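Residue numbers (my numbering): 1 to 89. Backbone N, C-alpha and C define an ideal beta-carbon position, used for all residues, glycine too. Model, not experiment: these values are computed from the prediction.
See the structure below:
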């Protein structure tokens, strides 16, 4: 009779331990999923800002063709300096 009780207790203990491990893994999964979603939002914002900054840089280079006074600013930012537009007759 004692042997059966020990086996039952061992199985019960293993079940409790398994439940604790599964609960910890579930909690970790939820936390990592939240972090992943936050990182995706940050990546989206970075990509949006990159697109805006590239557009601004292209517009500044195009503007430098009409107004070369902006060229020192473009050069300090490492942007290519456009040749001034040819003036009409």
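Alpha-carbon spacing of residue i relative to residue j, whole angstroms
i          : j          : result
residue 17 : residue 31 : 21 Å
residue 39 : residue 77 : 29 Å
residue 27 : residue 37 : 16 Å
residue 58 : residue 33 : 37 Å
residue 6  : residue 13 : 10 Å
residue 46 : residue 11 : 52 Å
DSSP three-state assignment for residue i, whether helix, strand or coil
i          : result
residue 89 : With a pLDDT of only 47 at residue 89, under 50, the local geometry of the prediction cannot be trusted, and the value read off the model is given with reservation. Coil at residue 89, not helix or strand.
residue 61 : helix
residue 78 : coil
residue 24 : helix
residue 14 : helix
Under 8 Å between C-beta atoms of residue i and residue j
i          : j          : result
residue 91 : residue 61 : Within the shown structure, residues of the chain are numbered from 1 to 89, placing residue 91 beyond reach of any answer.
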